[in-house]
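Trainee: Residues 1 to 138, numbered by our numbering, are exactly what the sequence shown covers, in order. So that we are looking at the same thing, I have put the structure below in C-alpha cells.
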Amino acid sequence: MNAFRCLRLAARPPTFLQPTARFTPQHSRPIPSIRALSILTPRRPILPLSSTPSTQPPPGSTSTSTSTISPGALDLAAKISAHPALATTQIRCGPRDTYNPSHLVRKRRHGFLSRIRTKKGRKLLMRRLKKGRWNLSH
Numbered sequence: 001m002n003a004f005r006c007l008r009l010a011a012r013p014p015t016f017l018q019p020t021a022r023f024t025p026q027h028s029r030p031i032p033s034i035r036a037l038s039i040l041t042p043r044r045p046i047l048p049l050s051s052t053p054s055t056q057p058p059p060g061s062t063s064t065s066t067s068t069i070s071p072g073a074l075d076l077a078a079k080i081s082a083h084p085a086l087a088t089t090q091i092r093c094g095p096r097d098t099y100n101p102s103h104l105v106r107k108r109r110h111g112f113l114s115r116i117r118t119k120k121g122r123k124l125l126m127r128r129l130k131k132g133r134w135n136l137s138h
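Right, here's the structure in full:
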C-alpha cells in the first residue's frame with residue numbers, strides 16, 4: 001500500500017506538492033512535462049494499434065501493412081473479446097505475469113490456517129472432513 005502511495009505522489013503535478021524547503025536551481029533548463037509512470041508492466045498484454053480489427057484493411061485489398069504485425073500479436077488476436085469497444089483496450093484470457101511459484105504464497109492462499117479464518121473456509125474443511133479426505137488443505 002505504501003508503494004502505491006509513493007507512486008501517486010510521484011505522478012502528481014508539481015503544483016499539488018507542498019514545498020518543504022526553498023532552493024534555487026543551479027541549471028536553467030526548462031522542467032519537462034509530467035509523464036505517466038511506466039515502472040509497472042500491465043497485467044494483461046495489449047495489442048499494438050496496427051493489429052486491431054478497426055484499423056486493418058479489408059481482406060481483398062493489397063496492402064503491405066499486414067506484414068508488419070508481429071507473430072505474437074496474431075497469436076493473441078483470437079483471444080480478444082468479440083465486442084468492438086473492447087478490441088483496442090486489452091486482451092482477455094491472454095498470458096499474464098501474475099504466477100508466483102512460491103510455497104509460502106500457496107500456503108498463505110490455500111493453507112489450513114487460511115481456511116480456518118473464514119466462514120467459507122471452515123465449511124470447506126468440514127466438507128472434506130466429512131467426506132473422509134486425508135489432506136484437508138495444503
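The beta-carbon is built from N, C-alpha and C at its ideal position, and this holds for glycine as well.
1. Under DSSP, the alpha helix (DSSP H) around Leu151 begins and ends at which residues?
2. Going by beta carbon distance, what residues of the same chain come within less than 7 angstroms of Leu129, once the five residues before and after it are set aside?
3. Measure the beta-carbon distance from Leu125 to Arg115 and round it to whole angstroms, keeping in mind my assumption that it falls under 8 angstroms.
4. Report, in whole angstroms, the separation of the C-beta atoms of Arg139 and His138, which I expect to be a contact under 8 angstroms.
5. Just verifying my parser: in three-state terms, what is the DSSP assignment at Lys121?
6. Helix, strand or coil for Ser114? Go by DSSP, reduced to three states.
Mentor: Reading from the atomic positions:
1. Outside the displayed range of the chain (1 to 138) lies residue 151, so it cannot be described from this structure.
2. Numbered from its first residue, the sequence shown carries residue 129 at position 129. For Leu129, where only same-chain residues beyond five positions count, the Cβ hits under 7 angstroms are Leu136.
3. Residue mapping note: residue 125 aligns to position 125 of the sequence shown, counting from 1. Residue mapping note: residue 115 aligns to position 115 of the sequence shown, counting from 1. Yes, they are in contact, since the Cβ atoms of Leu125 and Arg115 sit about 5 angstroms apart, within 8 angstroms.
4. Here the chain covers residues 1 to 138 and nothing more, so residue 139 does not appear.
5. On the sequence shown, position 121 is the one that residue 121 refers to. Inspection of the sequence shows that residue 121 is occupied by Gly rather than by Lys. In this structure, Gly121 counts as helix in the three-state DSSP scheme.
6. The residue labelled residue 114 in the question sits at position 114 within the sequence shown. Ser114: helix per DSSP, three-state reduction.
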